[in-house]
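A.B. asks: Take this structure first; my questions come after.
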Amino acid sequence: MKNSAVVNYAPEKGSVEIRELEKPIIGKNDVLLHVENVGVCGSDLHQWTSDHSWPVNYPVVLGHEFGGNIVELGKDVTGWKEGDAVVSETAAIINEMSPLSRQGFYNLDPDRKGFGYGVNGAMTKYVRVPARCLHLIPKNLGFEEACLTEPCSVAYNAVVMNSKIKPGDRVLVLGPGTIGILCAAMAKLCGANVAIVGLEKDATRMEIAKKYGCTTIYNDATSWAEEQDGLGVDCVIDAAGVSETLGLALKWVRPNGHITKVGWGPKPFNASLDPLVQKNVSLKGSFSHNWPIWEKVLSLLASGQLDVKPIIGGVWELEDWHTAFEAMHSGKVVKSVLKPK
Ligand SMILES: [Zn+2]
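In the numbering used here, the protein residues as written are 642 to 982.
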């Protein structure tokens, strides 16, 4: 049976096309998933426009934000059955014996390879998934929302695990992309007073950020940062896809405050880190997520405490991947979702 797939076939800009692939053959610890929905991620766009900073195993099927039904089980898989509705984590290949994996931090293991760049991802009808990546979708949660468990988990790791926000904190989020908006939503759940900073070209996304109860600020957040006592905000979550915004974070954070950098880009920072020292600021990177985070996020989505519907800008068929990518790339929508036929 043929399998239409959105394939990133070379490092050159624009090297993405629909190709017909064979249905994947699963190993003894894998399941075959019939993909119901797959989210388009900023990193899929980065591979398409070729401004990514990670090695890609070309040609590769894009897509790592997905959910579907199990249609086939490897012979050693236990605890799952055909028809189970699941979402999958992104760490498709890990070294289970590495010290980091044994601590549960397999997301940080140097040997980790993810769907959509290291191994074939989910912008296709059938994807092969190791059973250890699966989480059951709660009954009341649809696939269109469940497929966004992944970016929500990125935000949970950045805000809850790596920032330790307290109720009453003033938190500034830089960048109103999917991760920025979800970080703002997560900081609200932590009880913070939240503002999100964007540019004029982000106007559509900023309106959506408002639906999560945060203040929106264009360009300069100095007055909001200093509003309470003139000293700056307790925490900055930098979700912009460049290094240089760290300079703004260092400017707006208060002495003894905290910065978490979750957005990244390959260009160097190119500025002094003196404010980090002078202000006694803590700076933390945040990367990916692991099993306990996924379970917490699914619980938040199922209870309705976290609602991803406002960020979904549309659902397109796989064949219309270009329209879906372009809608996100131009900033017309926050998140595009694909549905294989
Ligand atoms: Zn993603």
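Beta carbons: idealized from backbone N, C-alpha and C, even for Gly.
Quick caveat, the model's predicted, so the values are computed rather than measured.
Is it right to say V918 is buried, meaning 16 or more other beta carbons lie within 10 angstroms of its own, or is it exposed?
C.D. replies: The residue in question, V918, is exposed, as its Cβ has fewer than 16 Cβ neighbours within 10 Å.
A.B. asks: Sorted by chain position, which residues of the same chain lie with C-beta nearer than 6 angstroms to H693's C-beta, five sequence neighbours on each side aside?
C.D. replies: Hits under 6 angstroms: H687.
A.B. asks: Under 9 angstroms between the Cβ atoms of S929 and V760?
C.D. replies: No.
A.B. asks: Do you know offhand how far V894's Cα is from T901's?
C.D. replies: So the two alpha carbons sit approximately 11 angstroms from each other.
A.B. asks: Answer yes if the stretch 940-954 comes into contact with the stretch 816-834, meaning at least three C-beta pairs across the two stretches below 8 angstroms, and no otherwise.
C.D. replies: With the cut-off at 8 angstroms, the stretch 816-834 and the stretch 940-954 touch.
A.B. asks: Measuring alpha carbon to alpha carbon, tell me which of V838, K766, S864 and G708 ends up nearest G821.
C.D. replies: The residue with the shortest Cα to Cα distance from G821 is V838.
A.B. asks: If you follow the alpha helix (DSSP H) that D915 is in, where does it begin and where does it stop?
C.D. replies: Unbroken alpha helix (DSSP H) run through D915: D915 to Q919.
A.B. asks: Do you know whose CA, among V672, G762, P696 and R743, lies nearest S645's CA?
C.D. replies: For S645, the nearest C-alpha among the options comes from G762.
A.B. asks: Using the DSSP secondary-structure output, state which residues sit across from E706 in a beta bridge.
C.D. replies: According to DSSP, E706 bridges with G680.
A.B. asks: Exposed or buried, what is T790 when buried is set at 16 or more other beta-carbons lying within 10 Å of its beta-carbon?
C.D. replies: Flag for T790 reads buried.
A.B. asks: Whole angstroms is fine: what's the gap from G898's alpha carbon to A732's?
C.D. replies: Cα to Cα, the separation comes out at about 32 angstroms.
A.B. asks: So what does DSSP say about P951, is it helix, strand or coil?
C.D. replies: Helix.
A.B. asks: In the DSSP assignment, what residue or residues form a beta bridge with A836?
C.D. replies: According to DSSP, A836 bridges with L813 and T856.
A.B. asks: Can you tell me the Cα-Cα spacing of K722 and K669, whole angstroms?
C.D. replies: Cα to Cα, K722 sits roughly 14 angstroms from K669.
A.B. asks: Below 9 angstroms between beta carbons: does that hold for L815 and A881?
C.D. replies: Yes, these two residues count as a Cβ contact at 9 angstroms.
A.B. asks: Label K976 either buried or exposed according to how many other C-beta atoms from any shown protein chain fall within 10 Å of its C-beta, with 16 as the threshold for buried.
C.D. replies: It counts as buried.
A.B. asks: Where D752 and G680 are concerned, what is the direct C-alpha to C-alpha distance, given to the nearest angstrom?
C.D. replies: Whole-angstrom Cα-Cα distance: 25 angstroms.
A.B. asks: Is any heavy atom in ligand 1 found nearer than 8 angstroms to the beta carbon of H970?
C.D. replies: For ligand 1, not one heavy atom lies less than 8 angstroms from the Cβ of H970.
A.B. asks: Could you pull out every residue in the same chain whose Cβ sits closer than 7 angstroms to the Cβ of G926, ignoring the five residues on either side in sequence?
C.D. replies: Closer than 7 angstroms at the Cβ level, and outside the excluded window around G926, lie K902.
A.B. asks: Expressed to the nearest angstrom, what Euclidean distance is found between the alpha-carbon atoms of L830 and P665?
C.D. replies: L830 and P665: Cα-Cα distance of roughly 40 angstroms.
A.B. asks: Would you tell me roughly how many angstroms separate the C-alpha atoms of E785 and V978, rounded to the nearest one?
C.D. replies: Distance between the alpha carbons of E785 and V978 is about 7 angstroms.
A.B. asks: Can you find the residues in the same chain that come closer than 7 angstroms, C-beta to C-beta, to V675, ignoring five residues on each side of it along the sequence?
C.D. replies: One point to set straight first is that residue 675 is His, not Val, in the sequence displayed. G709, N710, V712, K766 and Y767, listed in sequence order.
A.B. asks: Taking all protein chains shown into account, decide if R743 is buried (16 or more other Cβ within 10 angstroms of its Cβ) or exposed.
C.D. replies: Exposed, by the Cβ-count rule.
A.B. asks: Taking the C-alpha atoms as reference points, what is the distance between V648 and G972?
C.D. replies: Roughly 23 angstroms between the two C-alpha positions.
A.B. asks: At the level of alpha carbons, what is the spacing between T845 and D879?
C.D. replies: Roughly 20 angstroms separates the two Cα atoms.
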